[in-house]
Structure formats: structure tokens, C-alpha cells
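Numbering (the working numbering), first residue to last: -18 to 691. Cβ coordinates follow ideal geometry from the N, Cα and C atoms, glycine included. Note that the coordinates shown come from a computational prediction; the quantities given were computed from them, not determined experimentally. Notes for the one structure printed next.
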Amino acid sequence: MKANLLKLFSTFGLALFLSWAYLFTPQTFFSLDNRLRDFMFVLRGELPKNDTIVIVDIDDASLKAYGQWPWSRDLVSQLLENINALQPGIIGLDIVFSEADRASPHLLSQKFENLPKTLPNNDATLAKTFQTAPIVGGYIFTFDKTKTQNEAPIIPAIIIQKGLKDNHSLLTPSSTILNIPILQESLYSSGFFNNIPDANGMIRTVPLIMKYDYTLYTSLALEMVRIYSNVNKITVQGDAFGIESMDFESYHIPIDNFGRLFINFRGPKHHYTYISAKDILTHKIPTNALKDKFVLVGTSALGLYDLRAIPFDSNIPGVEIHANVIDNLLTKDFLAQPRNKVLYNLSILWTLIIALMLLWHNLRSWLILPVALLVLYGLGTLFFTLLFSYGLVLNLLFPLLAFFLTLISSVAIDYMVSFRQKEEAKKILGKKVSTSVMNHLIKHASEELVNPKEVEATVFFSDIQGFTSISETLGSPAKLIEMLNTYMTPMVESVIQHQGTIDKFIGDAIMAYWNAPLEVPEHADKAVQSAIAQIESLSQINAVITARYNVTINIGIGLHTGLVTAGDMGAKGRSDYTVIGDNVNLASRLEGLTRHYDVQILISEATKQALTGTYNIRPIDTVAVKGKSNAVKIYEVICNTKNIGTEESILYLDAFKAYQNAQLTEAKNAFEILCELYPCTLYIQYLKRCKEALEDTEKTFSPILKMTTK
């Protein structure tokens, strides 16, 4: 019980501690939780490639062929025209042209008077390309409070805010880095391409919307999907707790209160189709390579420093992060935290702690390690399934902490209370078995008690005769219990002193046995000796009981020796060591027969044959007890308290032999003499049976008594 209380307090203590840690120190565990989720991505592995997304890469080969970045705007224009000629669905630029082309020919005409004034303007050339192709431009939001810029990006989309107050945490940049005006004005649309890493430098989420100058703006990836899908209206729904949802006209996009989407990454870098810008410029790709596809223009060149870290890869081009977001928006296999994530995570945490403590509590010590491994695997599988099959981003670290802390706590408590449990076990077993048996059981409990086995045992049953009338005489239940305790204490002590094991108390009855769980030499003798001692102690017990309760106790004892099944039996957590089998039932029947013959101790022939000592024993009958077809010879063990002289013994044995040999007249005459000289129930029973057999001449005589009641 104390161990249970300790585990109960430990359970709630752990739950409260981990809840406090989750609520008030989240940043301490933020990185570890994210790394666990990163590991889930690695375990899941790479997903099939989405062929509708293509990256045109200004790679090292392109830079080598056409010079370092930035390229002249006419070259960029040519690249975009070549892409557009291949009929893409939409083109997104992971590039911002925030300064004019310094190598534009028209700038030379301003410096040199002899040059024609009509030299081409590369920026104008690119602007014209922007006007003729389905291009979404890119720009950057900055959060430097010292810099402000009044220009606003292009927002052709209708973004409706419903219920969105100041209780959200949307990113609010202070300035923008836009394309130069001639280019910005030529674009149909644009989107920001900020990839904002978390505290440990990893990209796990990406903002889909930001709030700048009281207006909402969309990301490059979101804007590309919006235009491609012909969606004109985006609704950002808010409530009292912040952002509730963001909806396209056709479906819901789960974003958090910061406007971010958890990215369901598809794989490491180069998961998507990469086409070198050089190959586009030199027309070395198939004509259908870009048809109706999402085309992102960006760079993987090391020197341009647009590399990011994601769960799959520590150096992935930033443009491929946009590709992952587009893929998520198209496939709709979103990952998202529940809006009431605190309630979700704490509910899981508390449920898990309670369930695990109950599990560890009910496990045998040798099962803890394999079950712990199974539970750990099960938890991993559960959270893996919730993440990738149901899109639920839940806290992983605290359930894992709950697993280890409950396991350690449970094992530690079991270890700490083990000594006290052994001491308590000694007290309990001391009332049930002898000291030597008790010590052996405590030391070898797993060997002796757990595994059932067949053993030869002498089984003992005793019962108070006329207990119902005694109960009625006493009246008070309290007095009845007091009287039973007065009677049973010396009875139990006698069993234990003679190396027996007390099995149970059944009302006023006592069940015991010898030779289990430990071997007891001459167990039949010890059982008979205990029975005799109990009968002979009744006079002293009755002296107390009669004086105190005005009743007298008489008991009957039945003993039988035979094979029984011994072991720890019962329900889990409610089991007990006991013996079962037909031979146990026979011992109980013998105890019941003591009332029929009005004797104190009855033993079976098997017990008599197992005895090595000398006792005053006489045969009583051959009986077929109820439920058994085979007859059993039974004997009375005569105690010193029962005065049977030599003459009576000889006369009884002669009468008994005559009856067994079907010499009914001789038996009848002998029992008549016994009834006259030594009247008792046994002799009266036999006299009656002799007379009935002599009168019923048509019935074949059998000395076996068939009992129809228990």
C-alpha cells in the first residue's frame, strides 16, 4: 500500500513538474523537441518526387559560362524568355533586383556624348519580359528597426481579414527590399521569399503571410499557387485567441499564430528536378520539360550564400524550400499544431504518465525491460503516425521524458520499498508457515510460488460442529469474531509448529496442508500429530470460551494424502499460493463425515499408509463420497481425550470385521452389545445398517457406504 501511495504521489509529482516545465520553460526544451521531430523525418525517408515542380538553377556551371552574379538584365531577360517559351504554368523568382543594372548600355550613352541616345535599357528589357510572362517576382521583408521604406509590394490578391485583432503574433517587418520601380511595376504579382530559421539555425517553418504597414502580404510560394489555381481571394480568419485559419476559396491552409506553415519536407537537396540555367540559355532541354509546371528560378551556387539547413540536409538551396512549400500547398498534406496545442500536449502528458505508472506497477521485474522497449517503440510509432498520417505536430520531448522518468521513478520506488516489503512479508508468512519455510519463500519466491507443480501433500480440513447454533447463541457478530479468534489462534499455531502451511479460513473452517511449498519429511505424521494436538488442546480452549461466551466447541478434522497441484493461483494482483485437486476435495469430504460418525479425526487409507509413527487408529468404514465412484477406507485417530478401553476395541474390531465380511447376524449381535455397553453414534449407525441389510434380503449386500450428501 505504501508503495502504491508513493507511486501515486510520484505520478502526480512528475505530471506537475513536467507540466510546469512545458508551460514556463519552453525554450529550454525547444531545440531538443525539434531535433526529435527532425529524426522522425529521417526515419520516414524521402517521399516520391512531384514532377510538376522544377527549379531553374543559376548554378556554378552557369556562373562559369556567363560570369559572376549579378548577371546583366538582358541575360536574365533572355533566360526568362527561354523559360516562357517552354510554356510553364507559372514562374517564381527567388531573386530580387533591388538595384539598376549598372552595365546597361543606356547608362553609357549618358556618360559619352558621342554614343547614340537610343542604346537599350536592360532594366526596361527585363520589365518587358515581366509583362509578357506569368512571373511572380520576389522581394524581401526586413526587421531592422533603423531602416524603413515606404514602398509597398504589389498585392493583386484580395486578402480578407475576419476577426483578426491585435491578439495575433504575425510577423511585422519594418521595411522592404523591393525590385526597382520599373521592374516592380511591370510584375503582375510578387511575394516575399524570406526563409527565417529558428533558434538553432534550422528551417522548419516558413511564413506564408506577414503584416506590413497594416496590410497582409503573401509569400512567393503561396502567391504562385494562388495565381496558378486562379484564386483571387484569401481569407484570414481570427478569433479571441489569434489566427484561426487561412482559407483559399477551395481549401483550408493551417497556419500558426505567427502566420507560419510547418513544412512537410519531401527529402534532402535535389529532391526536385533541377535544370541548369546554362541549359535553358543554350536550349539543351526537351521542349516539354517545363510545360504547365511550377518553375522556380534561384541558385545553388556556393558563392551566393543562399544555403539553408533543414531536417534532411544541412546545406539545401533556399529555392528548394519554396519548392517544398509549393508541394505542400498542392498536395495538402499539411503539418500543423492543434490550435489548443497546450491542452493537447498536457492531456497527452498526463494520460501517458498515469498509464505508464500503472503499467510499470503491474509488471514483474523481469518483464520491465522488454516491455519498456515495446512501449518506447509504440510511442515512437504513435507519434510518427500522428505526424505523418494525421498531420499533427505535437510535443515529442515531454512524452519521452515522461516515459523515462516514470520508468526510473517506478523502479526506484520498487527498489526502495523492497526491504520493507520483505519485512512485511515475513510478518504475514509468519502467521501462515514456519520460520524456515518463510525465509526460504522470501529468498526463492520466484522458484517456489510462481510455477504450479504436482506434489504429494497431506491436506487438512477442520470445522466447528454445530457452528450455526453457536452463532445464534452468541448473537453479536463482534462476540462471534472474538470467539473464533480465541479458538483459531492455538489451532493455527499447532499447524505452523508442525511445519504445516495455513491455506485459508473459510468461515469457521481451517484449510491447511503439508509438503508444500517446501518438502516436509514425514508430512503425514506431522499432519496427524497437529490434528491430535488440536483436539487435545480443546479442553483448555473451551475452558476460556465457555467461561467467556457460555458455549462449548467441538471440531471435526479430515486428513487425506495424495497428489495435488500446488502453486500461485488467482487473478493478477490477487493471487495466492494454494493447492487444488480431487485429493483436496476428498480431505474436505472426510471432515464432513466426522459429523456422520460423531468422531473427531478421520484419515484416509492413503494417509494411514504414509504414517511412520505409532498412533491409536481404528477402521471406521469404506465410503464412496458424493461425486466419487471409488470407495475409500477411512480410519479414526483416537486421542487421549477419548477413553476407549481394550475390551471395547476388541469387541468393535470383531464387529467391524464381521460386517465387512457380510456376516451380518454376528455383526448385528456385536453392535447390539457395543450399543448397550458403550453407546455412541458410530455403533448405532452400524447396528441400523445391519438390521436394514438383514431385512432387505432381495438386495445384494455391500459394506460400502454411498454418501449422497457432502
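Here Trp495 is bridged, per DSSP, to Thr439. In this chain, the alpha helix (DSSP H) harbouring Arg25 covers 7 to 25. At the C-beta level, Val440 and Val560 come within 9 Å of one another. Every unbroken stretch of the beta strand (DSSP E) spanning 3 or more residues and falling wholly within the segment 251 to 293 is given here in chain order: 254 to 257, 275 to 279, 288 to 291. Distance between Gln581 and Thr575, taken at the CA atoms: about 6 Å.
With 16 or more other Cβ atoms from the protein chains shown falling within 10 Å of its own Cβ, Ser511 counts as buried. Three or more Cβ pairs closer than 8 Å define a contact, and the segment 304 to 314 falls short of that threshold against the segment 256 to 270. Residue range 482 to 487 is occupied by the beta strand (DSSP E) that includes Lys485. Burial of Leu668 is indicated by the presence of at least 16 other C-beta atoms within 10 angstroms of its C-beta.
Sequence-distant Cβ neighbours of Ser450 in its own chain, meaning closer than 6 Å and more than five residues away, do not exist here. Shown here, Thr33 sits in coil according to DSSP, grouped into three states, outside any helix or strand. Residue environment: Arg529 is assigned as exposed (fewer than 16 neighbouring CB atoms within 10 Å of its CB, all protein chains considered). Under the 10 Å beta carbon count, Tyr198 is surrounded by 16 or more other beta carbons and is classified as buried. Leu367 and Ala336 have their alpha carbons spaced roughly 19 Å apart.
Around Asp314, the same chain offers Asn245, Gly372 as residues with beta carbons nearer than 7 Å, after the five sequence neighbours per side are excluded. In the three-state reduction of the DSSP assignment, Tyr209 falls in the helix class. Between Asp104 and the set Phe122, Ile224, Ala552, Ser85, the nearest pair of CA atoms involves Ser85. Beta-carbon to beta-carbon, Arg25 and Phe369 are separated by about 6 Å, close enough to satisfy the 8 Å threshold. The segment 336 to 353 and the segment 11 to 22 do not touch, with fewer than 3 CB-CB distances between them shorter than 8 Å.
Counting of Cβ neighbours within 10 angstroms places Gln49 among the exposed residues, the total staying below 16. For Tyr232, no alpha helix (DSSP H) run applies, since DSSP gives it neither H nor E. Nearest in C-alpha terms to Ser391, of all of Ile349, Leu375, Glu503, Pro51, is Ile349.
Sorting Ala508, Lys623, Asp579 by C-alpha distance to the C-alpha of Lys589 places Ala508 at the top.
Leu330 sits away from Ala258, with the two beta carbons spaced by 9 Å or more. A residue is called buried when at least 16 other Cβ atoms come within 10 angstroms of its Cβ; Tyr195 does not meet this threshold and is exposed.
A straight-line Cα-Cα distance of about 53 Å links Ala(-4) and Gly70. For Lys680, no alpha helix (DSSP H) segment is defined, and its DSSP state is neither H nor E.
If you check the CB distance, Gly182 and Gly73 do not come in under 9 Å.
Proximity to Lys614 across Ile236, Tyr358, Ala587, Ser630 peaks at Ala587, based on C-alpha coordinates. Cβ atoms of Ala639 and Ala651 come within 8 Å of each other, at about 6 Å.
For the 9 Å CB-CB criterion, Asn564 and Leu544 form a contact. Annotation for Leu285: Trp50 place their beta carbon closer than 7 Å to its own, counting only its chain and skipping 5 residues before and after. As the crow flies, the alpha-carbon of Ile140 is around 17 Å from that of Gly223. Short of 6 Å from the beta carbon of Ile598, and not among the five residues preceding or following it, lie these beta carbons of its own chain, in chain order: Tyr616, Val618.
Three or more Cβ pairs closer than 8 Å define a contact, and the segment 446 to 460 meets that threshold against the segment 531 to 542. In the three-state scheme derived from DSSP, where H, G and I count as helix and E and B as strand, Ile615 is classed as strand.
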